[in-house]
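Last residue of the sequence shown? That's 124 in the working numbering, and every number before it is there in order.
Working notes, beginning with the structure itself.
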Amino acid sequence: MEAFLNKKYKLASSENFDEYMKALGVGFITRKIGNTTSPTIELSRSGDEYTLLTSSTFKNTSISFRPGEEFEEDTVDGRKVKSRVDIEDNRLTHVQKGEKDTTIVREFFADEVKATMTIDDIVCTRVYKLVE
C-alpha cells in the first residue's frame, strides 16, 4: 500500500449508488445529495494505523484503523457499525457489521481507486481518479 499513501483520488464515475443507498435505508434527500457529490479520498498511515479520509462539499469523514482489528465506526449515513479492514497487496477489504452488513473493497492502482460496495445482492461500483 506504500505506493498509494498520501495521494488524493476524486470520484469520476458511480454505478448503482442510489440502489446501494436505498438498501441501506438512506432517505430520499440524503440519497439525492449523495448522488450529486464527488468526494475525494486519501489514505495515510502513521505507524501501524491507517486513516482513510473522505472529503466532499456535503460531509467530511475519517476512519482510522489497524489492519485486521475491529473498530467502531459511524458511517456517513449515520449508522453505527463494527468494522474491520484487511489489507492484501493493493486491496483494502472493509467489512461493516450492523443492522445491515456491507462490504467495501477498494482496489488501488497507479491512477485510480476502484471501490466495489456490496449489500445483500446489490453491487455498486465507484471509480476515483488520481488528482495530480
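Where is the CB? At the ideal position from N, CA and C, for every residue including glycine.
{"Item": "Beta-carbon gap between Val119 and Glu104 smaller than 7 Å", "Value": "yes"}
{"Item": "Paired residues, beta bridge with Met109 - DSSP", "Value": "Ile96 and Cys116"}
{"Item": "DSSP-derived helix/strand/coil call for Asp69", "Value": "coil"}
{"Item": "Through-space distance from Ser56 to Phe63, alpha-carbon basis", "Value": "9 Å"}
{"Item": "Sequence-distant residues of its chain with Cβ nearer than 7 Å to Tyr157 (five each side left out)", "Value": "No answer is possible for residue 157: it lies beyond the span of the chain, which begins at -7 and ends at 124."}
{"Item": "Same chain, Cβ closer than 8 Å to Ser75, neighbours up to 5 away in sequence not counted", "Value": "Ile55, Phe57, Glu62, Phe63, Glu64, Glu65, His86, Val87, Gln88 and Lys89"}
{"Item": "Distance, Glu41 Cα to Val77 Cα", "Value": "11 Å"}
{"Item": "Runs of alpha helix (DSSP H) wholly within the region 16 to 51 (minimum 4 residues, chain order)", "Value": "20 to 28"}
{"Item": "Option nearest Glu(-6) by Cα separation, candidates Glu80, Lys51 and Ala15", "Value": "Glu80"}
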